[in-house]
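Student: Attaching a single structure in structure tokens format; questions to follow.
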Amino acid sequence: MKKNITQPLLEVKNLITRFDMRAGLFGKINARVHAIENVSFNIYPGETLALVGESGCGKSTIARSILQLDKPISGSIKFEGSETLGLSLQDLKSFRRNVQMVFQDPFSSLNPRMTIGKAIADPMAVNKILPRSALRQRVYELLERVDLEPEHIDRFPHAFSGGQRQRICIARVLGLDPKLIIADEAVASLDVTIQARVINLLMDLQSELGISILFISHDVAVVERIAHRVAVMYLGEIVEIGDRKSIFKDPQHSYTKKLFGSVPVPDPRLRKKNQDLLADEIPSAMRAPDYIPIELPLIQVSDNHFVRQEVSD
Amino acid sequence: MTKIFQKTDMDTNRIVTVENLQVSFKLNDNVIVEAVKGVSFHIDQGETLALVGESGSGKSVTAMTIMRLTEYDGASIDGGVIKLRLNSGETVDVTELPLIKMNSIRGADISVVFQDPMSSLNPVFTIGFQIAEVIINHQGKTAKEAEKIALNALKLVRVPDAERRLKQYPHQLSGGMRQRVVIAMALCCRPLLLIADEPTTALDVTIQAQILGLIRALQDEINMSVLFITHDMGVVAEIADRVCVMQNGKIVETGSIFDIFEKPNHPYTKALISAVPRLGSMKDKDQPEKFPILEVDEVNLEKSAQEGSTVS
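Here the protein sequences line up with chains A and B, keeping their order.
Going by the working numbering, the first residue of the first sequence is number 1110, and it counts up by one from there.
Going by the working numbering, the first residue of the second sequence is number 54, and it counts up by one from there.
Shown next, in the form of structure tokens:
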């Protein structure tokens, strides 16, 4: 199972996803949302790449596009060296088995009428990973692995708190032995003390099993803890990408600086003063149908740190 | 029951005093949930008190009881006193007022900003109309005068292009702009106390920073007191003068903002502070690192969300 470290697990290249907005009797396209514009990045085995950005910047669309829940317009998504765009449904299934998603809301991602034992066993049964007779034993192990009581296997989701449910979702994903976990705001709805524990669990699993994680988050401070590399997104583009240390030590893009500067600091002596009170908001990614996006190059700052050139205005 | 505007004693500088407040909810099968178990605090004029705690700690129930809104959800106030100073200078005990009286107090003497601005605004009316409505109801102004005040209120919260915005509907505004409108609406009668219940939780960080800055600036400009409810210690550090930490319906620690952050006493406060991710804490580290978890409530912390709603 040992792989060459330089071979990326997932290679995303020039990915573009747009959504047409239709109106009128004949469904004429009257606008287009440029959700992802020319996004490229790699994820290596055993590493965490964090995608940070604010709502509407396209981070979740990237996750959905990788799994092809949203169909990209163009680009390439290579998993272990082979192209996944345009795969047959059958082949897509085995790809999706390797790339699993943990969603934000553990209340809507667990069926309230299914015991957690069944919820965790089902994906393994569907993918025929284990004979049915061995499933229950495996679920016990998985529950133990995510620090839940195995005796609770026959309880229903309502009996668990938000943090426990998120652990159940993680156990369910682990059953499939994925190579990449996409965590889409997976800790955003949890209280801080519980959030810290769930993140620690993810990091433990990563170092034990060598799983790669695409960690999608709006919370810059959480990202600073968990990520090996960071990509900052703004309006469907990656404006800055690099290793965590360089990005946080030496942010280059004006948006990255603004984003980092807005994070509340839990130290009352560092309270922000005299800031600009005027509303300054991110523009919409919705464009006229004939809009052609301007492509600005990524500039290399250091070995492992790239920043998108900015339009001077 | 007739002593409606009965004067109660309170320091002239004090806006609200809550003493030993107890609130419980009766569930349908005769189980009683004690949500607030003897909470006491006070807020002075111009001061911001943060009520911090995790989900289910009773912070929102405490705040909503000050406005007597919890009774509509089946709560009963089992004990305690809530002294509130009105704009007229009088002091009343909110718990003794008939609910109907609260209509004239809410929105005028005490206002609230909730987490989700979209559900605080009516989607079928222009925002100008909705702000004016508050002014007409509480101050008896004509529609024309009210519109003028509404325009000033929008300018107060730094909504750009305020004249045009008055004629817009909530769906035409972004989340941050909607929250500004809700704040304008809350402040147009110049209440002495603003209750802000997680007002920035649904917003992006850059917008959150703007709204927090705005609340601070407005506070200086019109000298109001703020009861700020949040679960985010980072936000607390940005806004509060004093802090009450709540857990399971009780205040476990109260102190000035500096005492809470620099010399926390209660193990729960310590756990809460240590769990907050701090930007910059990993500056010189090459590899990601796990969060330090304080061992205090090791077993109980995760269950506490559920225990917050323990039946007793």
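A virtual CB, placed ideally from N, CA and C, is assigned to each residue, including glycine.
Would you say residue 284/B faces chain A, with C-beta separation under 8 angstroms as the test?
Tutor: For residue 284/B, the answer is yes, since a Cβ of chain A falls inside 8 angstroms of its Cβ.
Student: Any idea what DSSP makes of residue 1330/A, helix, strand or coil?
Tutor: Residue 1330/A falls in the helix class under three-state DSSP.
Student: Does residue 326/B get closer than 8 angstroms to chain A when you measure Cβ to Cβ?
Tutor: It does; some Cβ of chain A falls within 8 angstroms.
Student: Take residue 272/B as the anchor and find which of 75/B, 337/B, 99/B has the nearest alpha-carbon.
Tutor: Closest option to residue 272/B, Cα to Cα, is 99/B.
Student: When we look at the beta-carbon of residue 1130/A and count the other beta-carbons within 10 Å, is it buried (16 or more) or exposed?
Tutor: By the neighbour-count rule (16 or more Cβ atoms within 10 Å), residue 1130/A is not buried but exposed.
Student: Quick one: which unbroken beta strand (DSSP E) runs of 3-plus residues sit fully inside the segment 135 to 207 of chain B? Chain order, please.
Tutor: 144 to 146, 163 to 166, all fully within the segment 135 to 207 of chain B.
Student: Fully enclosed by the segment 1234 to 1312 of chain A, which alpha helix (DSSP H) runs are 4 residues long or longer?
Tutor: Correct list: 1241 to 1254, 1271 to 1283.
Student: Whose C-beta lies closer than 7 angstroms to the C-beta of residue 223/B among residues of the same chain, with five residues either side of it excluded?
Tutor: Once the five neighbours on either side are set aside, the close Cβ partners of residue 223/B are 171, 174, 176, 180, 231.
Student: Does the distance from the C-beta atom of residue 1407/A to that of residue 1420/A stay below 8 angstroms?
Tutor: No, these two residues do not count as a Cβ contact at 8 angstroms.
Student: Residue 1414/A to residue 118/B, Cα distance in whole Å?
Tutor: Rounded to the nearest angstrom, the two C-alpha atoms are 52 angstroms apart.
Student: Look at the alpha carbon of residue 205/B and the alpha carbon of residue 190/B, and state the distance between them as a whole number of angstroms.
Tutor: C-alpha separation (whole angstroms): 17 angstroms.
Student: Considering only their Cβ atoms, is the gap separating residue 1309/A from residue 346/B smaller than 8 angstroms?
Tutor: The answer is yes: Cβ separation under 8 angstroms.
Student: Return the chain-ordered ranges of every alpha helix (DSSP H) run that is complete within the segment 1334 to 1391 of chain A and spans a minimum of 4 residues.
Tutor: List check, alpha helix (DSSP H) in window: 1353 to 1358, 1363 to 1371.
Student: For residue 217/B, does the count of other Cβ atoms within 10 angstroms reach 16, so buried, or fall short, so exposed?
Tutor: Its Cβ having fewer than 16 others within 10 Å, residue 217/B is exposed.
Student: Would you mind reading off the limits of the alpha helix (DSSP H) that contains residue 322/B?
Tutor: Note, residue 322/B: alpha helix (DSSP H), 320 to 328.
Student: Residue 1334/A: which of 136/B, 75/B, 329/B, 178/B sits nearest, CA to CA?
Tutor: Answer by Cα proximity: 329/B.
Student: Checking contacts by CB at 8 angstroms: is residue 1275/A closer than that to chain B?
Tutor: Not closer than 8 angstroms to any Cβ of chain B, the Cβ of residue 1275/A fails to qualify, so no.
Student: Select from 1397/A, 1294/A, 1210/A, 1313/A the residue whose C-alpha is nearest the C-alpha of residue 1282/A.
Tutor: That would be 1210/A, whose Cα lies nearest to the Cα of residue 1282/A.
Student: Do the segment 248 to 267 of chain B and the segment 137 to 146 of chain B make contact, defined as three or more Cβ pairs closer than 8 angstroms?
Tutor: The segment 248 to 267 of chain B, when compared against the segment 137 to 146 of chain B, does not touch it at the 8 angstroms Cβ threshold.
Student: Return the bridge partner residues of residue 273/B from the DSSP annotation.
Tutor: Its beta-bridge partners do not exist; DSSP assigns none.
Student: Which of the three DSSP states is assigned to residue 120/B in this structure?
Tutor: Residue state, collapsed to three classes: coil.
Student: What does residue 290/B reach in chain A if we use C-beta pairs closer than 8 angstroms?
Tutor: The answer, in chain order, is 1373, 1374, 1375, 1376, 1377, 1379, 1380.
Student: Start and end of the beta strand (DSSP E) containing residue 1407/A?
Tutor: 1407 to 1411 is the extent of the beta strand (DSSP E) around residue 1407/A.
Student: Can you give me, in chain order, the residues of the segment 1330 to 1343 of chain A that have a beta carbon less than 7 angstroms from any beta carbon in chain B?
Tutor: Hits within the stretch, in order: 1330, 1331, 1333, 1334, 1335, 1336, 1337.
Student: Pick helix, strand or coil for residue 216/B, following the three-state DSSP scheme.
Tutor: DSSP places residue 216/B in helix when its eight states are reduced to three.
Student: Is there a Cβ from chain B that is less than 8 angstroms from the Cβ of residue 1401/A?
Tutor: Chain B, which has no Cβ nearer than 8 angstroms to the Cβ of residue 1401/A, makes this no.
Student: For the segment 1314 to 1333 of chain A and the segment 1196 to 1204 of chain A, state whether three or more C-beta atom pairs, one from each stretch, are separated by less than 8 angstroms.
Tutor: Short answer: they don't touch.
Student: Do residue 1368/A and residue 134/B count as a contact pair if the criterion is CB distance below 8 angstroms?
Tutor: No.
Student: Does any C-beta atom of chain A lie closer than 8 angstroms to the C-beta of residue 353/B?
Tutor: Any reading at residue 353/B is ruled out, since the residue's pLDDT is 48, under 50, leaving its predicted position unreliable.
Student: Would you mind sorting residue 79/B into buried or exposed? The rule is 16 or more other CB atoms within 10 Å of its CB.
Tutor: When all chains shown are included, residue 79/B counts as exposed.
Student: Buried or exposed for residue 1349/A, going by 16 or more other Cβ atoms inside 10 Å?
Tutor: By the 10 Å Cβ count, residue 1349/A comes out buried.
Student: Three-state secondary structure (DSSP) at residue 1169/A?
Tutor: The answer is helix: DSSP assigns residue 1169/A an H, G or I state.
Student: Restricting to runs no shorter than 4 residues, where is the alpha helix (DSSP H) found entirely within the segment 243 to 312 of chain B?
Tutor: For the segment 243 to 312 of chain B, whole alpha helix (DSSP H) runs of length 4 or above, ordered along the chain, are 258 to 275, 286 to 292.
Student: Residue 87/B: which of 253/B, 158/B, 303/B, 214/B sits nearest, CA to CA?
Tutor: Out of 253/B, 158/B, 303/B, 214/B, 303/B has the C-alpha closest to the C-alpha of residue 87/B.
Student: Run through DSSP, which three-state label would residue 1189/A get?
Tutor: Three-state result, residue 1189/A: coil.
Student: Residues of the segment 253 to 285 of chain B with a CB closer than 8 angstroms to any CB of chain A: list them in chain order, please.
Tutor: Going along the segment 253 to 285 of chain B in chain order, one finds 257, 258, 259, 260, 261, 262, 263, 265, 266, 267, 270, 284, 285 with a Cβ nearer than 8 angstroms to chain A.
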